[in-house]
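Novice:
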Amino acid sequence: MKRYLTLALIFALTLAAGTVNGEPSHKDAIHLPAATGSKPGRTGQSSSKSSWETGIHHLQRGPLERQFRVHIPPTLESSTDVPLVLAFHGWGGNEHEFLKHRVVTEELDRRGWILIAPLGLGPEDGKRFRPSWSFSGSTTGLAGPSANQVSGPGGPLTICDEALTPDYTYPSCHSIAKSTCSWTHCLDDDIDFVLALIEEAKKRLPIDPDRIFAVGGSNGGMFTW
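For the sequence shown, position 51 (counting from the first letter as 1) is numbered 68 according to this note's numbering, and the numbering increases by one without interruption.
#1: Please work out which residues of its chain come closer than 7 Å, Cβ to Cβ, to L97, disregarding the five sequence neighbours upstream and downstream, and give them in chain order.
#2: So G139 and P148 are in contact, right, with Cβ under 8 Å, and what is the actual spacing, rounded?
#3: Taking E82 and H74 to be in contact with their CB atoms under 8 Å, please state how far apart those CB atoms are, rounded to whole angstroms.
#4: Tell me the DSSP secondary structure of A180 in three-state form.
#5: With a CB to CB cut of under 6 Å and the five nearest residues on each side skipped, what residues in its chain are close to G137?
#6: With H, G and I counted as helix, E and B as strand and the rest as coil, what does DSSP make of G234?
#7: Among the candidates G79, G72 and F146, whose CA atom is the shortest distance from the CA of G107?
#8: Just reading off the alpha helix (DSSP H) that A218 is part of, what are its end residues?
#9: What would DSSP say about S246, mapped onto helix, strand or coil?
#10: With DSSP as the reference, please indicate the residues paired to V87 in a beta bridge.
#11: In whole angstroms, what separates the C-alpha of L174 from that of T201?
Set out below in structure tokens:
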């Protein structure tokens with residue numbers, strides 16, 4: 018599994034290389050609108066904000082403090098905008114899942130690209146046990162969006178065989194889980210968190226807003242999909 022995660026990230030880096038004049042050449046690349054105005058921490062920077070360095074950082078989300086790890090190539094020039102790769106760990110993993118592999122950091126350094134690896138949320142606020150990423154069906158345990166579940170002859174379809182699968186329902190999801198197939202947290206909107214993280218990264222790092230990519234393993238891969 019570790020080998021596949023490493024290969025997945027290298028594949029994402031290869032996709033990021035396939036851009037011309039800021040336009041992603043791969044149809045599945047994440048393409049976000051370019052930011053307007055100056056970027057704090059760079060030209061016209063605001064003295065009230067500092068740039069991120071390689072290491073662990075946090076982003077406050079209401080009562081939650083979301084954690085993530087940043088890797089910045091040591092030879093990166095702040096005057097040059099570079100691609101950003103977001104790497105999402107698998108269920109029960111952490112923000113070190115990709116970056117602990119030297120082949121990944123060496124490839125990032127060789128290409129001069131930045132990577133941010135966020136940490137998912139566990140069953141309850143403040144716990145680092147079974148971190149996860151929430152997406153359609155993972156919180157309710159039903160196939161399809163919560164407001165439009167896929168239905169079969171017997172009603173909405175569950176995403177697992179309840180007779181064979183352990184009940185991993187997180188406490189934060191008890192009020193919305195429709196089956197014992199619920200298996201991720203309900204503490205925060207992960208998509209909104211990632212969008213907020215990207216916006217903050219644009220302010221603090223020399224990121225090319227037209228070259229932002231995402232990769233993930235297992236639960237993280239499902240989330241990026």
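The beta carbon of each residue, even a glycine, is placed where N, CA and C say it ideally should be.
Specialist: Put simply:
#1: Inspection of the sequence shows that residue 97 is occupied by Thr rather than by Leu. Spatial neighbours of T97 in its own chain (CB-CB distance under 7 Å, excluding positions within 5 residues in sequence) are listed in chain order as P223.
#2: G139 to P148, Cβ: 5 Å. Contact.
#3: Not really, about 10 Å apart at Cβ, beyond 8 Å.
#4: If DSSP states are grouped into helix, strand and coil, A180 belongs with coil.
#5: Cβ within range, chain order: P148, S149 and W150.
#6: Here G234 sits in coil by DSSP.
#7: Closest option to G107, Cα to Cα, is F146.
#8: From DSSP, the alpha helix (DSSP H) with A218 extends over D207 to R221.
#9: Residue 246 is absent from the model: the chain starts at 18 and stops at 242.
#10: According to DSSP, V87 shares a beta bridge with G72 and I133.
#11: The alpha-carbon atoms of L174 and T201 are separated by roughly 18 Å.
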